[in-house]
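Participant: Going letter by letter, the sequence shown gives residues 0 to 56 in numbering that gives the first Met the number 0. The structure's right below; bear with me while I get my questions together.
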Amino acid sequence: MFMIWWLIGVACAVWVIYDIVTYQKKMKSDHKLLWIIAAVVFSVLTAIVYYFVVKRK
């Protein structure tokens, strides 16, 4: 069961980092860095917040 949650967390972190690096060209560098750090530390929670704050604009 732990392995499933770990894989979901890694997938969420990778998605947020990939989206920031690839698609968020107008975002400031310090904001990108904060999102990436948050994605590594709080992967699933960051992915949910990132989706509603950044992607749904």
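All C-beta atoms in this analysis are idealised placements derived from N, C-alpha and C, irrespective of residue type, glycine included.
(1) Return helix, strand or coil for Met2, following the three-state DSSP convention.
(2) Nearest to Leu44 by CA position, among Ile7, Lys25 and Arg55, is which residue?
(3) Just the C-alpha distance for Val9 and Ser42, rounded to the nearest angstrom, thanks.
(4) Is it true that the CB of Ile35 sits closer than 8 Å to the CB of Ile16?
(5) Taking just the CA atoms, how far does Val13 sit from Met26?
Facilitator: In short:
(1) Reading the sequence shown from its first residue, position 3 is the one you call residue 2. If DSSP states are grouped into helix, strand and coil, Met2 belongs with the helices.
(2) As a working note, residue 44 is residue 45 in the sequence shown. Out of Ile7, Lys25 and Arg55, Ile7 has the C-alpha closest to the C-alpha of Leu44.
(3) Stepping through the sequence shown from its first residue, residue 9 is reached at position 10. Stepping through the sequence shown from its first residue, residue 42 is reached at position 43. C-alpha separation (whole angstroms): 7 Å.
(4) Mapped onto the sequence shown, residue 16 falls at position 17. Mapped onto the sequence shown, residue 35 falls at position 36. Yes, Cβ-Cβ distance for Ile16 and Ile35 is below 8 Å.
(5) Residue mapping note: residue 26 aligns to position 27 of the sequence shown, counting from 1. Residue mapping note: residue 13 aligns to position 14 of the sequence shown, counting from 1. Distance between the alpha carbons of Met26 and Val13 is about 18 Å.
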